[in-house]
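In my numbering, the protein residues as written are 14 to 242.
Quick look at the structure:
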């Protein structure tokens with residue numbers, strides 16, 4: 014699964030964010046630097062609809078199906094397994110028609126060590142930003158017609174580096190396919206399946222970080238620093 018991540022470059026280095034995703038920092042939705050982002054809150058998500066350019070808006074990180082009677086999910090849907098979205102009709106439709114990107118700086122997973130939860134930060138040393146592949150949904154209030162957006166991060170089997178800590182990891186999109194992933198005209202199921210791959214572990218870094226990360230209420234830059242040995 015992917016239950017925590019960080020996003021702060023849009024604040025600390027907005028020029029890098031704009032260069033990477035082509036979105037001017039001044040036009041981004043208001044979102045403070047987040048070092049311990051968890052599910053169920055509104056987070057920045059990049060998407061594209063037919064006839065419109067790429068844009069970003071805040072979406073709830075917990076997908077709510079468009080057919081839901083209320084804007085809530087009966088099940089945990091902040092993650093969606095690659096194996097499931099290619100085999101069940103509801104998820105297949107989203108995969109072909111409602112793909113998105115969660116911009117991030119890193120993600121966290123926890124190792125079990127002598128009965129304790131030990132958080133690890135996974136990141137790309139050569140890239141300040143990551144692009145998690147996701148799916149989104151638009152729910153409309155049955156009376157007012159108000160639209161509410163929500164999204165889910167796709168997970169894939171962990172590569173060897175992450176697997177030493179956790180069996181799953183977020184879908185990290187290579188930069189060369191990010192535009193294709195967002196393109197609403199791209200509906201080839203076979204090609205989309207090919208993109209649901211684990212990012213190579215030899216291109217990633219892994220450091221143990223503070224157990225303060227375990228408390229979702231903690232959210233400061235010290236959480237992403239390597240734990241002093």
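From the three backbone atoms N, C-alpha and C, an ideal C-beta is built for every residue, glycine too.
Please report how far the alpha carbon of residue 198 lies from the alpha carbon of residue 63, in whole angstroms.
7 Å
So residue 142 and residue 29 are supposed to be a Cβ contact under 8 Å. How far apart are they, rounded?
7 Å
Excluding the five sequence neighbours on either side, which residues of its own chain have a C-beta within less than 8 Å of the C-beta of residue 61, listed in chain order?
The residues are 67, 68, 195, 196, 197.
Between the beta-carbon of residue 14 and the beta-carbon of residue 92, is there less than 8 Å?
yes
Using alpha carbons as the reference points, say which of 193, 208, 221, 155 lies closest to residue 177.
For residue 177, the closest C-alpha among the options 193, 208, 221, 155 is that of 221.
Taking only three categories from DSSP, how would you classify residue 175?
Assignment of residue 175 by DSSP, reduced to helix, strand and coil, places it in the helix class.
Contact check, residue 79 vs residue 150 under 8 Å by CB: the rounded distance?
5 Å
Tell me which residue opens and which closes the beta strand (DSSP E) that residue 165 is part of.
160-170
Within 8 Å of any Cβ in chain C, is that where the Cβ of residue 223 sits?
The displayed structure is made up of one protein chain only, and chain C is not part of it.
Does DSSP put residue 224 in a helix, a strand or coil?
helix
Between the C-alpha atoms of residue 70 and residue 235, what's the straight-line distance to the nearest angstrom?
Rounded to whole angstroms, residue 70 and residue 235 show a C-alpha spacing of 27 Å.
List the DSSP bridge partners of residue 214.
In the DSSP output, where bridge partners are listed per residue, residue 214 has none listed.
Please report the straight-line C-alpha distance between residue 106 and residue 19, rounded to a whole angstrom.
Near 29 Å, if we compare the C-alpha coordinates of residue 19 and residue 106.
Should residue 82 be labelled buried (16 or more other beta-carbon atoms within 10 Å of its own) or exposed?
It counts as exposed.
In the DSSP assignment, find the alpha helix (DSSP H) that holds residue 29 and state where it starts and stops.
In this chain, the alpha helix (DSSP H) harbouring residue 29 covers 27-34.
Are the Cβ atoms of residue 167 and residue 237 separated by less than 8 Å?
For the 8 Å CB-CB criterion, residue 167 and residue 237 do not form a contact.
Any chance you could list the beta strand (DSSP E) runs of at least 3 consecutive residues sitting entirely within the region 49-95, in chain order?
55-60, 68-74, 92-94
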